[in-house]
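**Student:** In order, the protein sequences belong to chains X and B. Numbered per my numbering, the first sequence spans residues 1 to 227. Numbered per my numbering, the second sequence spans residues 228 to 454. Built from N, CA and C at the ideal position, the CB exists for glycine as well. Have a look at this one before I ask anything.
There are 2 protein chains.
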Amino acid sequence: MITKVLYVEDEPSLAQIVSESLVSRGFDVKVATDGLLALDIILKETFDICVLDIMLPNIDGYSLAEKIVEKHPHTPIIFLTAKTQPRDVIKGFDSGGRDYLRKPFSMEELIVRIKNLLSHSSPQPTEPRQYQLGSWIYYPSSYELSRNSITHPLSERESRILHMLCKHSNDTCSRKDILMEIWGDDSFYNSRNLDVYINKLRKLFSTEKSIEIMTLKGVGYIFKIRN
Amino acid sequence: MITKVLYVEDEPSLAQIVSESLVSRGFDVKVATDGLLALDIILKETFDICVLDIMLPNIDGYSLAEKIVEKHPHTPIIFLTAKTQPRDVIKGFDSGGRDYLRKPFSMEELIVRIKNLLSHSSPQPTEPRQYQLGSWIYYPSSYELSRNSITHPLSERESRILHMLCKHSNDTCSRKDILMEIWGDDSFYNSRNLDVYINKLRKLFSTEKSIEIMTLKGVGYIFKIRN
DNA sequence: TTGATTTAAGGTTAATAAAGGTTAATTGGG
DNA sequence: CCCAATTAACCTTTATTAACCTTAAATCAA
């Protein structure tokens with residue numbers, strides 16, 4: 001498989017030479033020349049690895065790294081920068097970087113470090129397009145459940161909550177995380193809103209012996225799927 | 228858990244200062260001053276991470292790295308060396324290194340790179356997924372006990388306390404540790420809360436002759452499992 | 001030294017508080 | 001008006017606190 005690299009560097013001549021060099025070695029490189037542009041790209045596309053300069057227009061590399069980790073925790077990030085102080089290196093690792101290479105650098109070294117990270121980073125767990133939930137099949141993208149060629153549409157809330165439970169099936173899914181993810185706010189903590197949806201989902205799966213939404217009081221839920 | 232570091236460096240003054248610095252940060256450091264000695268050590272002991280100089284008496288760091296990878300493929304290796312040429316770096320990664328730091332280096336940077344490798348390459352010591360407790364089987368991840376195909380769900384508190392007892396079965400488990408682990412606070416020391424749960428667990432296992440939660444007054448509990 | 005007494009640690013049970021469940025009514029945007 | 005989303009009212013379960021009891025180690029008296 002071809003490796004997709006996001007390379008963020010604001011100095012055009014450097015950007016071009018490094019990018020060409022990576023392409024010539026078989027990488028599929030996307031170059032962004034400023035932080036805000038890079039942010040747009042990472043929200044839309046996924047990459048196998050990101051190579052970031054730190055001093056960038058609009059958003060610095062550290063903040064960019066944090067955003068990347070937030071969205072794709074398994075994508076390794078290498079900083080490539082003229083900042084050579086230990087505290088910069090530490091900041092780089094703290095913001096989620098997995099390697100830090102000082103300018104000037106050798107292209108050979110960059111390549112070998114990229115390969116090192118790629119070969120030792122856990123492969124991105126690819127998100128399934130559908131989930132087998134007992135006798136139902138759940139399609140998150142179309143907000144529906146189907147069984148024996150009949151489909152049951154889910155509302156937006158129902159589907160997003162179910163999707164979140166599916167992504168963490170057989171593992172704890174905290175009430176707070178669900179509230180933050182679905183409503184972007186956990187001051188809902190006292191509201192019964194989430195409970196209403198859990199109740200709906202439980203009713204939906206009430207006939208499925210292998211499916212259970214278990215409550216962990218004070219913590220959250222476990223969506224149990226037995227085989 | 229304390230992190231065991233093997234540090235191989237033939238220059239005594241550097242070896243001492245780096246080793247002291249690692250120890251002061253809570254690492255358990257073993258220093259070897261030549262390659263052959265280091266080889267002996269890695270054949271007998273296991274480490275969480277190895278930090279290697281390259282130019283060493285008897286066996287060079289690259290060969291040592293290869294030996295380490297052969298025996299413990301998951302133990303990350305950092306090279307720490309005065310050799311600064313790109314081809315040396317490449318050789319380092321080729322021989323199984325996972326990072327390469329040039330001398331002179333900052334102690335802070337070494338620490339942060341060690342932590343980075345440890346946090347991204349830990350094949351966690353696999354913990355049992357189930358425990359045989361008399362005629363019950365306990366599944367910590369699903370918060371349930373099962374016996375003869377009937378399952379008994381445990382509440383969050385019940386399960387976490389039982390899990391902790393299981394992890395230390397036939398060994399003392401201090402009251403304070405349980406309070407800290409479950410409630411994150413041992414000012415509960417005077418509260419009867421933990422006792423209430425111990426009481427529930429005892430009732431659960433009251434019919435099991437081979438299981439006993441024994442009290443060590445002023446200390447804690449021993450969860451005895453006889454075979 | 002020995003047996004009684006004190007006392008701190010833990011055990012037991014019930015009551016209370018907090019978190020969550022359920023159902024129905026209300027809200028608010030197409 | 002319709003329907004998903006939310007709020008409200010009330011119910012159930014689990015966690016915590018309270019009150020009182022038991023036990024065993026430590027202290028004390030003879």
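Determine, for histidine 347 of chain B, whether the minimum Cβ-Cβ distance to residues of chain X falls below 8 angstroms.
**Tutor:** Position 120 of the second sequence, counting from 1, holds the residue named residue 347 of chain B. For histidine 347 of chain B, the answer is yes, since a Cβ of chain X falls inside 8 angstroms of its Cβ.
**Student:** What does glutamate 383 of chain B reach in chain X if we use C-beta pairs closer than 7 angstroms?
**Tutor:** To locate residue 383 of chain B, count along the second sequence from 1; it is residue 156. Per Cβ cutoff of 7 angstroms: Leu216, Lys217, Gly218 and Val219.
**Student:** Quick one: residues in its chain with C-beta nearer than 6 angstroms to the C-beta of alanine 259 of chain B, no 5 flanking neighbours on either side, listed in chain order?
**Tutor:** As a working mapping, residue 259 of chain B is identified with position 32 in the second sequence. Within its own chain, the residues whose Cβ lies closer than 6 angstroms to the Cβ of alanine 259 of chain B, once the five positions on either side in sequence are excluded, are Val235, Ala265 and Ile268, listed in chain order.
**Student:** Could you tell me the boundaries of the alpha helix (DSSP H) in which methionine 214 of chain X lies?
**Tutor:** Here the question's residue 214 of chain X lines up with position 214 in the first sequence. No alpha helix (DSSP H) contains methionine 214 of chain X, which is instead part of the beta strand (DSSP E) from 211-216.
**Student:** Using a Cβ-Cβ cutoff of less than 6 angstroms, which residues in the same chain neighbour arginine 102 of chain X once the five nearest sequence positions on both sides are dropped?
**Tutor:** Within the first sequence, numbered from 1, the residue matching residue 102 of chain X stands at position 102. The residues are Thr84.
**Student:** Should serine 362 of chain B be flagged as near chain X, meaning a C-beta pair shorter than 8 angstroms?
**Tutor:** Numbered from 1 along the second sequence, position 135 holds the residue referred to as residue 362 of chain B. Output row for serine 362 of chain B: interface = no.
**Student:** Checking the sheet assignment: what are the DSSP bridge partners for threonine 81 of chain X?
**Tutor:** Residue mapping note: residue 81 of chain X aligns to position 81 of the first sequence, counting from 1. DSSP lists X:Arg102 as partners of threonine 81 of chain X.
**Student:** Once the 5 residues before and after leucine 344 of chain B are set aside, which same chain residues still bring their CB inside 8 angstroms of it?
**Tutor:** Residue mapping note: residue 344 of chain B aligns to position 117 of the second sequence, counting from 1. Counting only Cβ-Cβ distances below 8 angstroms, and skipping sequence neighbours, we find Ile276, Pro303, Ile305, Arg325 and Asp326.
**Student:** Can you list, in chain order, the residues of its chain whose CB lies under 6 angstroms from that of lysine 4 of chain X, leaving out five sequence neighbours each side?
**Tutor:** One-based indexing of the first sequence puts residue 4 of chain X at position 4. For lysine 4 of chain X, where only same-chain residues beyond five positions count, the Cβ hits under 6 angstroms are Asp28, Phe47 and Asp48.
**Student:** In chain order, what residues of the same chain lie with their CB nearer than 8 angstroms to the CB of glutamine 351 of chain B, ignoring the 5 residues before and after it?
**Tutor:** The residue you call residue 351 of chain B lines up with position 124 of the second sequence. Caution is warranted here: a pLDDT of 49 is assigned to glutamine 351 of chain B, below 50, making its placement in the model unreliable, and the coordinate value is therefore given only provisionally. Same-chain partners within the cutoff: there are none.
**Student:** Tell me the residue span of the beta strand (DSSP E) that contains glutamine 243 of chain B.
**Tutor:** Position 16 of the second sequence, counted from the first residue, corresponds to residue 243 of chain B. Counting along the chain, glutamine 243 of chain B falls outside any beta strand (DSSP E), though it belongs to the alpha helix (DSSP H) covering 239-251.
**Student:** Under 8 angstroms, with one C-beta from each stretch per pair, do the segment 307-322 of chain B and the segment 63-70 of chain X reach the 3-pair mark?
**Tutor:** no
**Student:** If you drop the 5 nearest sequence neighbours on each side, which residues of the same chain put their C-beta closer than 7 angstroms to that of methionine 228 of chain B?
**Tutor:** Position 1 of the second sequence, counted from the first residue, corresponds to residue 228 of chain B. None.
**Student:** By Cβ distance, which residues of its chain are closer than 6 angstroms to glycine 35 of chain X, with the 5 residues on each side in sequence left out?
**Tutor:** Sequence index remark: in the first sequence, residue 35 of chain X carries index 35 (1-based). Closer than 6 angstroms at the Cβ level, and outside the excluded window around glycine 35 of chain X, lie Leu56, Asn58, Ile59 and Leu64.
**Student:** Any contact between the segment 417-428 of chain B and the segment 382-401 of chain B? By contact I mean 3 or more CB pairs, one from each, below 8 angstroms.
**Tutor:** yes
**Student:** Find the residues of chain B that neighbour valine 89 of chain X, judging by a C-beta separation of less than 9 angstroms, and give them in chain order.
**Tutor:** As a first step, residue 89 of chain X is located in the first sequence; it is residue number 89 there, counting from the start. Going along chain B in sequence order, the residues near valine 89 of chain X (Cβ under 9 angstroms) are Ser333, Glu335, Glu336, Val339 and Arg340.
**Student:** If I follow the unbroken beta strand (DSSP E) through aspartate 255 of chain B, where does it start and stop?
**Tutor:** Numbered from its first residue, the second sequence carries residue 255 of chain B at position 28. That run of the beta strand (DSSP E) goes 255-259.
**Student:** Any idea what DSSP makes of isoleucine 137 of chain X, helix, strand or coil?
**Tutor:** The count along the first sequence starts at 1 and reaches residue 137 of chain X at position 137. In the three-state reduction of the DSSP assignment, isoleucine 137 of chain X falls in the strand class, which pools E and B.
**Student:** Taking 8 angstroms as the CB-CB cut-off, is glutamine 351 of chain B touching chain X?
**Tutor:** Taking the second sequence and counting its residues from 1, the one referred to as residue 351 of chain B is at position 124. Interpretation of glutamine 351 of chain B is limited by its pLDDT of 49, a score under 50 that renders its predicted location unreliable; the figure taken from the coordinates is listed afterwards. For glutamine 351 of chain B, the answer is no, since every Cβ of chain X falls outside 8 angstroms of its Cβ.
**Student:** For a quick check, are the C-beta atoms of glutamate 439 of chain B and lysine 451 of chain B less than 8 angstroms apart?
**Tutor:** Against the second sequence, residue 439 of chain B aligns to sequence position 212. Against the second sequence, residue 451 of chain B aligns to sequence position 224. Their beta carbons are under 8 angstroms apart, which means glutamate 439 of chain B touches lysine 451 of chain B by this criterion.
**Student:** Quick check on isoleucine 68 of chain X - is its C-beta less than 8 angstroms from some C-beta in chain B?
**Tutor:** As a working note, residue 68 of chain X is residue 68 in the first sequence. So no, isoleucine 68 of chain X is outside the interface.
**Student:** Select from X:Cys166, X:Arg226, X:Glu108 and X:Lys44 the residue whose C-alpha is nearest the C-alpha of lysine 71 of chain X.
**Tutor:** In the first sequence, the residue the question calls residue 71 of chain X occupies position 71. It is X:Lys44.
**Student:** In the segment 182-210 of chain X, which residues sit with their C-beta less than 7 angstroms from some C-beta in chain B, listed in chain order?
**Tutor:** So nothing in the stretch comes that close.
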